[in-house]
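Asks: Sending over a structure as C-alpha cells; questions will come in a sec.
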Amino acid sequence: MIPSLFDYKRASSAAEAISLVTEYGEDAKFLAGGHSLLPLMKLRLAAPSVLVDIGRLKDLSYITDAGSYIAIGALTRHMDVETSPIVKQHVPLLACAAGHVGDPQVRHRGTIGGSIAHADSASDLPATTLALGATYVVQGASGTREIAATDFYKGFLESALQPDEMLTEIRVPKMNGAGWSFQKFNRRAQDWAIVGVAAWRGNGGSGVALVNMGSTPVLATDVATALASGASVADAAELAAAQADPQSDLNASAEYRVHLAKVLVRRALEEASK
Amino acid sequence: MKISVTVNGKTHESDVEPRTLLVQYVREDLGLTGTNIGCDTSSCGACSLHLDGEAVKSCTVLAVQADGSQVTTIEGLATNGKMHPMQDAFMQNHGLQCGFCTPGMVMAAISLLNENPDPTEDEVRIGLEGNLCRCTGYHNIVQSILACAKGGK
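First to last, the sequence lines map onto chains A and B. Under numbering that gives the first Met the number 0, think of the first position of the first sequence as 0, with each following residue one higher. Under numbering that gives the first Met the number 0, think of the first position of the second sequence as 0, with each following residue one higher.
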C-alpha cells in the first residue's frame with residue numbers, strides 16, 4: 000500500500016517547520032517518526048498534500064531534569080524514554096508506558112511528541128501523561144504557549160494544537176516516589192490496548208487515566224476524588240468508567256470495556272498502593 | 000527527490016518519489032528482495048531491516064527519511080561467504096519453517112542482542128513482540144537467539 004502523492008519538505012529548524020506549515024495551511028502535516036501518520040496515509044485515511052519532515056530536528060530530542068518536572072523534547076523516541084535513567088528514576092510510570100508502545104521496531108522510530116500530537120485515545124502516552132498531570136509546550140507562528148494535558152484532547156484524533164503549531168516539549172511532574180501501575184489489556188503484545196490504565200498514588204494524591212475508553216483519553220477524576228475521601232480501592236475502582244464513553248469495535252463491546260476498566264483500575268490501584 | 004543511502008556498505012544515489020516506502024526502495028529499486036513484505040501495516044515485522052544500526056519496519060519508513068543513513072538488509076549480513084552468527088544459529092537450531100518471517104526475525108534478533116547481549120528467554124520473547132511467525136515456530140526461533148547470545152555472537 001502506497002500513500003497518495005504529496006510534496007515532501009524537510010525542515011532544518013522548528014521555526015522553518017512552523018513557517019512551512021503556515022505557508023501550506025491545513026493540507027500540511029508534520030512528519031516526526033511517522034509511526035502514527037504513515038499507516039493512516041498508506042490506508043488513505045489521511046492524505047496530506049505536504050509533509051513537513053521534522054524528524055531531523057535533533058535539538059528537540061532530549062530528556063532533562065528541570066527541578067520539579069522532567070522535560071522531554073517532542074522528538075524523543077519511545078525507546079529513549081523507555082530506557083532513560085532520568086525518566087526511570089523520576090517518572091517510572093512514563094518509562095513503563097513508553098516500553099509498551101508498539102514493539103521495539105516501532106519504538107526505534109516513534110516519538111513521544113508524535114504520539115501525543117496524534118491524540119489517539121487508544122495510544123498509551125496521551126493517557127499516561129494525562130494521569131501524570133503533564134503540560135505540553137507548543138510553538139507557533141505567534142509564539143510559544145503551554146497547554147495542560149487536561150485541556151489538550153478535544154475529540155477523536157483532535158487536539159488543542161492549531162494547524163500552525165508544533166508540539167516541542169512535554170513536561171512531566173516528578174512522581175517523588177509515588178506508587179504506580181500501568182495496565183494494558185490486549186490480544187497480542189504489540190497491539191493497541193483494548194483498555195489500558197495508567198495510575199499513580201502517593202504523597203497525598205492520585206491520578207488515574209484510561210486508554211481507549213472513548214474518543215479522547217479519559218482522566219478518571221471520580222476515582223481520585225473517591226480515594227481522597229477515604230474510599231477503598233475496590234469501591235473507587237467501581238467508578239472507573241463513570242466519566243468514559245467507550246465505543247464497541249471488533250475487539251470488544253462497550254459493555255466489556257466498562258467491565259475491563261473497573262477490573263484494570265482496581266488492579267492498578269492495588270499495585271500502586273503497595 | 001534525490002537521496003543518498005548506504006545499503007549493505009554500498010552508497011546509492013537515487014531519485015525517488017517522496018511516497019516511496021523504504022521496503023519498496025530496497026526491493027524494487029535496489030533488487031534486494033530478501034526483505035519481505037508481509038502485512039504491510041507495521042504489524043508482522045517481515046520487512047524489518049536495520050536503519051543506522053537499529054531494527055525498523057521498512058514498510059512504515061519513507062525512503063526519503065533514510066536519506067543519508069546506513070541501511071543493512073539480510074543480504075548484507077554475510078561476510079566473504081560466511082554467514083552472520085545469527086544466521087548460523089537459526090540454521091543450527093532449525094529456527095525457521097517456511098522461512099517467510101526469517102529475514103525480519105534475524106534482523107530483529109541482531110538488534111535485540113545489540114541492546115541486550117545476554118537476554119533471558121522471557122526477554123527474547125518480549126523482544127520479538129514485533130515479529131510474527133505464521134508457522135508459529137517461535138520455540139526454535141527463541142532457542143536460536145539464545146544460542147547465538149551464548150556463542151558470544
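Glycine included, each C-beta is placed from N, C-alpha and C at the ideal position.
(1) What does the alpha-carbon distance come out to for the pair B/VAL70 and B/MET106?
(2) Measure the C-alpha to C-alpha separation of A/ARG55 and A/ALA227 and round it to an integer number of angstroms.
(3) How would you call A/MET0, buried or exposed, if buried means at least 16 neighbouring beta carbons within 10 angstroms?
(4) Taking the continuous beta strand (DSSP E) assigned at A/THR63, which residues delimit it?
(5) Checking contacts by CB at 8 Å: is B/GLU122 closer than that to chain A?
(6) Given A/TRP179, which residues of its chain have a CB within under 7 Å of its CB, disregarding the five upstream and five downstream residues?
(7) Please look up how many angstroms separate the CB atoms of A/SER141 and A/THR215, rounded, as I've assumed it's under 8 Å.
(8) Just the Cα atoms here: how many angstroms apart are A/LEU263 and A/GLU269?
(9) Which of the three DSSP states, helix, strand or coil, is assigned to A/ASP123?
(10) Look at the Cβ atom of B/PRO89, then the Cβ atom of B/GLY37, and state whether they are nearer than 8 Å.
(11) Keeping to the same chain, check which residues put their C-beta closer than 7 Å to that of A/GLY213; ignore five residues upstream and five downstream.
(12) Check each candidate in B/CYS97, B/LEU111, B/PRO118, B/LYS149 and name the one with the smallest Cα separation from B/THR135.
(13) With 16 as the cutoff for other CB atoms within 10 Å, does A/ALA96 come out buried or exposed?
(14) Could you have a look at A/MET0 and say whether DSSP puts it in helix, strand or coil?
(15) Pair every Cβ in the segment 49–57 of chain B with every Cβ in the segment 97–105 of chain A, then say whether three or more of these pairs are closer than 8 Å.
(16) Bridge partners of A/MET165, per DSSP?
(17) Under 9 Å, CB to CB, which of the residues in the segment 140–158 of chain A have a partner in chain B?
Replies: On the basis of the supplied data:
(1) Rounded to the nearest whole angstrom, the CA to CA distance from B/VAL70 to B/MET106 is 11 Å.
(2) Their Cα atoms are separated by approximately 45 Å.
(3) An exposed status is given to A/MET0, since fewer than 16 other beta-carbon atoms sit within 10 Å of its beta-carbon.
(4) Start and end: 62–64.
(5) It does not; no Cβ of chain A falls within 8 Å.
(6) Cβ neighbours of A/TRP179 beyond the five flanking positions: PRO91, LEU92, ALA198, TRP199, ALA271.
(7) Rounded, the Cβ-Cβ distance is 26 Å, inconsistent with contact.
(8) Using only the alpha carbons, I get a separation of about 10 Å.
(9) In the structure shown, A/ASP123 sits in a helix (DSSP, three-state: H, G or I).
(10) Going by the sequence as given, residue 89 of chain B is Phe instead of Pro. Not closer than 8 Å, so no.
(11) SER120, ALA243, ASP244, PRO245, listed in sequence order.
(12) The residue with the shortest Cα to Cα distance from B/THR135 is B/CYS97.
(13) By the Cβ-count criterion, A/ALA96 is buried, with 16 or more other Cβ atoms from all chains shown falling within 10 Å of its own Cβ.
(14) Residue state, collapsed to three classes: coil.
(15) The segment 49–57 of chain B makes contact with the segment 97–105 of chain A: 3 or more CB pairs, one atom from each, lie closer than 8 Å.
(16) In DSSP, A/MET165 forms a bridge with A/GLN138.
(17) Those residues of the segment 140–158 of chain A that come within reach of chain B (Cβ to Cβ, closer than 9 Å) do not exist; the list is empty.
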